Each structure stands twice: as structure tokens, then as C-alpha cells.
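Everything on this sheet refers to the single structure shown next.
2 protein chains.
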Amino acid sequence: MESSLTISIQDYLKHIYELTEGGENASTNALSERLNVKPASVTNMVQKLAAAQPALVEYQKHQGVTLTKEGRKAALEVIRHHRLLEAWLVQTLGYSWDEVHEEAERLEHVISEDFERRMAAAMGHPLRDPHGELIPTADLVMPLEDSTPLSALRPKQKAKIQCVKNADAELLRHLEGLGLLPGAQIVIVDYSSFDHNLTVKSGTKVSVLGLNITGKIFVDYLG
Amino acid sequence: MESSLTISIQDYLKHIYELTEGGENASTNALSERLNVKPASVTNMVQKLAAAQPALVEYQKHQGVTLTKEGRKAALEVIRHHRLLEAWLVQTLGYSWDEVHEEAERLEHVISEDFERRMAAAMGHPLRDPHGELIPTADLVMPLEDSTPLSALRPKQKAKIQCVKNADAELLRHLEGLGLLPGAQIVIVDYSSFDHNLTVKSGTKVSVLGLNITGKIFVDYLG
DNA sequence: AATACAATTTAGATTAGACTAAATTTATCG
DNA sequence: CGATAAATTTAGTCTAATCTAAATTGTATT
């Protein structure tokens, strides 16, 4: 659904960051998909980027891209903007968690550092955005995630939803309808495979099959 | 202080609108100054714009540009965004009136109509922005200005400041220091020429000479 | 009415970021 | 190990928005 004809450097950095979180390199193809740009264009841009900003980005032919420490900070800046914006739009303008993403996606590139500071201060420097995702700190460090994937829980166990990652708007609305927002307490009733069926809360069986699932749920284990 | 390398159509429309408020045409040169782009580039863009969007813009060689009714609406949309944003940033994030302009300038192009509606509703559909400028209505009509230029007042007369137009940040801070914000009650003590000296509030003589004045003050006449 | 100055336009060059098609490299698998 | 498929890169094209320099048009003044 992206539509801007030209992709900002910030977007390249953000997506490279997300693709390299696990330590791998970001491949041309993977970037191409996320940015809605043909692979050849990505190669081109990434080569230029690496030439122009060697302090941010490392590129080797056929090996994909990585970020330097500084590049990672630049990416975290954008992610911080995004998550603070999501939190703030929800708090002050009554956006629901499935609506904010798109808006934040456009605003994240144009707000000033001053704006960022004011939002953070106004909300008391929140640690997570409305989806429960961790917000990089003001000095651009990404806090360590301390939650467990929902799929690690077994029947009868209790947990609190902490974070719903990378979910599309449809899944978010579905989850919201079931009260499965970050903060909700759940009990695993019956668990077969997270990829297909998700059973939470005594008696509530949530079929996620059929939805085009892209999201992952993380929880705080309670016993 | 502008820095975006490429000017959006929205910016062209907005500045054409502002230049044509008095009924005149917007000249290539005038647009060129406001947009920080060379006159030749403006000619070029305006010709393309008029060819691509004849429903918005009318252009004739050596005669400058005007907006059609529809073009004016498109411009008012941007201006509405800008002024609502200014009001909202001041209200919710404690910006001062001299700081908001720049921020709103960048945000106005990327917020959604939904965002616009939410801001307006959250503030109770305000009529004026923090500088006192009228906010175009939701159906994109610019309300009629009912205030008087400060220069029309004579000594001993009382008035309430309603609007400070087109002032740069320096003048705004100066005015703020004197309590001359929109809403302030003033008494004309001594008036020679608004262009050079401005004397308001019993006993306070404000020399505006020496400031690089670009602003105009409008008031409600009180007697 | 002629000239001179300012504003505007034309023409042509430059840059950036995308695209397509073809070539190359890497990876996989019998 | 070699063949094929997939991923990546190269090469060349296109478009959009700017620029500079030169040509033109409009305007004001005498």
C-alpha cells in the first residue's frame, strides 16, 4: 500500500535494520520486497548509499548490506520516531492500534528532534508503543526484549500479552475484538500450533487459520 | 531555511493562493522567491502544472498564475492542515507560537484527512490558529476576516489583538515578550507610523524600527 | 516613439531514482 | 561435478525537477 514514488534513505536504513536484527545481512531481494522497488533499483541505491555514506552502511557484492554501529543508530532514530508517534496518536487523538501504523509511517520522516523529545516527555518516556514493541531510548539504544513467544507456552499456563509484532491491520482488529491487546491476561487452553490455531483465555478458541497471518505474539510468563 | 530539494505541488498551490488573495495573479518571480527556486524553474513547473491540472491552475505567458475555484480548495486544504497543526502542537506539546511554524510546514503535507478531522474535533473545531489566523473550514471555505489593521487605530483607542500575520520568529518573540499575543487588550498611546513605531499599552513604547519586520497586526476595535 | 531595465521564458544540461532486459554470479541438487 | 534455477548485478533508458545562460517580452521614462 506504499505509494511514494521515491524511497527515502531513512526508509532504506530502517528496513535494513529490521532485516539484519538477527545478525544476517539484508539481501537485495528482501529489501526490494519491503520497499516495493525492483531488485535492480535496490542494488543501485545501496551501492550509491554505501559510496556516499560509508559510515552508515556496508555493502559487498552478492553479500547484501549491513549497518555500522552508526547506521544502526540512524535506523533506531526512525524507529523511535515511529513508535513514539504511534503511542502518541493513540493517546491524544484516539487512534486505534490498527489505524496508527500508516499515519506514523509518513510522519516519522518529517518530525524534528524537538518534536520527538516533546512527545516522549508528554507521555512520560514510555517504554513500549501501543503494540507493545519496545521504543529505542533517547540515546538510540534498543532495550532488550524480555518476553517469550506465545508459541513457547503449554496448556494451562498463564501469561500476559506484552507485544504483537508485525501484524497486519486485519489481524489487529481480530485480536482487538477478542480483547487480546497488550496487557491482557490469558490462559492457554489448548494449543496445537501457533501458525494455525491459537487458543487463549478459558473457553475462547481463536481460529487464526484463514487470516493472512504475518504477526507474532509475545507474552510475559505468569505461571 | 527551506531545504527540501524538490517542491511539492501542494506548496506551489499554497503559495499561489497566498499571492493571489488580493485578486492579482501570482508572478513567476514572486513564486520563485517564496519557494526558493529559480524563476526559470517556476515557469517550467507552472507550465507543466497548468497542462497536467487545468482544473486547478490557470497560466498565461507573462501574466502569472491564478487558481480555479477547485485549485483554491486544494490550497485551502493545505492551509487548513497547517493552521490546525499549529494550534494542536501549541495545545498538546507546549510549543510556543514562534516555534510551531517550521514544524507545521513539514507536517502539513503528510497528514491524512483522518488526522485533520481528529485534530479539529479534539480542539473543538477552532476558528483561529495560535497567531490568530483564520482556519479554513472543513468544507474548505475561508471565513471572512472581521478585524481591523492596527494601523487604522488612533491614539487613546482600545482594541484587542486578534491576529499577527506573516511575522518572522524574531518579531514573534519580541511581541510575546511584551504580552502582545492574540487576545491581549491594548490601548494606543502614541502612534506615528505603524511601519516604524508601534506604541501600545499605557506607557509601553515599542520600537519596532530595526527589527526586520514582515508581520502585520490586526485587532478587534473596542472603543 | 525609442530606449533601457526588469521580468519572464526558452533551450539545453544535470542529477537522482526509478525501470527493463540481459548478463553474471551463487547455490542447489541429482 | 556439472546443470539448472535463483539471486544479483550491469547497462542503458526514462522521467521529473532543478539549474544556468541566453533570448525574448513587457514596462516605464523620457
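Those protein sequences? They're chains B and P, same order as listed. What the first sequence shows, in the numbering used here, is residues 590 to 812, in sequence order. What the second sequence shows, in the numbering used here, is residues 590 to 812, in sequence order. Heads up, the beta-carbon is just placed ideally off N, CA and C, and yes, glycines get one too. This structure is a prediction, so every number in the text was calculated from the model and none was measured.
Ignore the nearest five residues each way along the sequence and tell me which others in residue i's own chain have a CB closer than 6 angstroms to its CB.
i	result
Q774 of chain P	K749
A758 of chain B	D687
S781 of chain P	In this prediction, S781 of chain P scores a pLDDT of 46, lower than 50, which makes its location untrustworthy; no coordinate-derived value is stated.
T632 of chain P	T617
S685 of chain B	none
G812 of chain P	K747
K650 of chain B	none
Excluding sequence positions up to five away, which residues of its chain have a Cβ less than 8 angstroms from the Cβ of residue i?
i	result
L716 of chain B	L723, I724, P732
I605 of chain P	A615, L620, V646, V654, T655, L656, G660, A664
P771 of chain P	R717, P719, H720, G721, I750, Q751, C752, V753
M712 of chain B	L673, A676, W677, Q680
V635 of chain B	Y601, T617, L620, V646, Y648, V654
K662 of chain P	L729
A644 of chain B	T657, E659, G660
E734 of chain B	L723, C752, F807
State yes or no: is the C-beta of residue i within less than 9 angstroms of the C-beta of residue j?
i	j	result
G660 of chain P	A619 of chain P	no
L764 of chain P	Y810 of chain P	no
E688 of chain P	V667 of chain P	no
S736 of chain P	F807 of chain P	yes
E647 of chain B	A639 of chain B	yes
R762 of chain P	T726 of chain P	no
K805 of chain P	V776 of chain P	no
H690 of chain P	E675 of chain P	yes
D703 of chain P	E692 of chain B	yes
R623 of chain B	E610 of chain B	no
V626 of chain P	I596 of chain P	yes
M708 of chain P	L682 of chain B	yes
Tell me whether residue i sits in a helix, a strand or coil according to DSSP, three-state version.
i	result
A727 of chain B	coil
L739 of chain B	helix
A756 of chain P	coil
I775 of chain P	strand
K749 of chain P	strand
I806 of chain B	strand
E691 of chain P	helix
A615 of chain B	strand
E647 of chain P	strand
L602 of chain P	helix
S781 of chain P	At S781 of chain P, the pLDDT of 46 sits below 50, so the modelled position is not reliable and the matter cannot be decided from this model.
T609 of chain P	coil
G766 of chain B	helix
L595 of chain B	Before going on, a small fix: residue 595 of chain B reads as Thr here, not Leu. Looking at T595 of chain B - three-state DSSP - the assignment turns out to be coil, as it is neither helix nor strand.
V654 of chain B	strand
N786 of chain B	Unreliable positioning characterises N786 of chain B in this predicted model, as indicated by a pLDDT of 44, which lies under 50. The coordinate reading is nonetheless provided below. It is a strand residue.
M712 of chain B	coil
List, in order along the chain, the chain P residues whose C-beta lies closer than 7 angstroms to that of residue i?
i	result
M634 of chain B	Chain P residues near M634 of chain B: none, gap ~16 angstroms exceeds 7 angstroms.
Run down chain P in chain order and give the residues with a C-beta less than 8 angstroms from the C-beta of residue i.
i	result
L682 of chain B	F704, R707, M708, A711
Show which residues of chain B have a CB atom less than 9 angstroms away from the CB atom of residue i.
i	result
R672 of chain P	Going along chain B, no residue has its Cβ under 9 angstroms from R672 of chain P, so there is no contact; the nearest lies around 17 angstroms.
V699 of chain P	E692, R695, L696, H698, V699
Excluding the 5 residues preceding and the 5 following residue i in the sequence, name in chain order all residues of the same chain whose CB lies nearer than 7 angstroms to its CB.
i	result
R672 of chain B	D718, E722, I724
G612 of chain P	none
K603 of chain B	A664, V667, I668
P738 of chain B	K805, F807
P628 of chain P	T617, N618, S621
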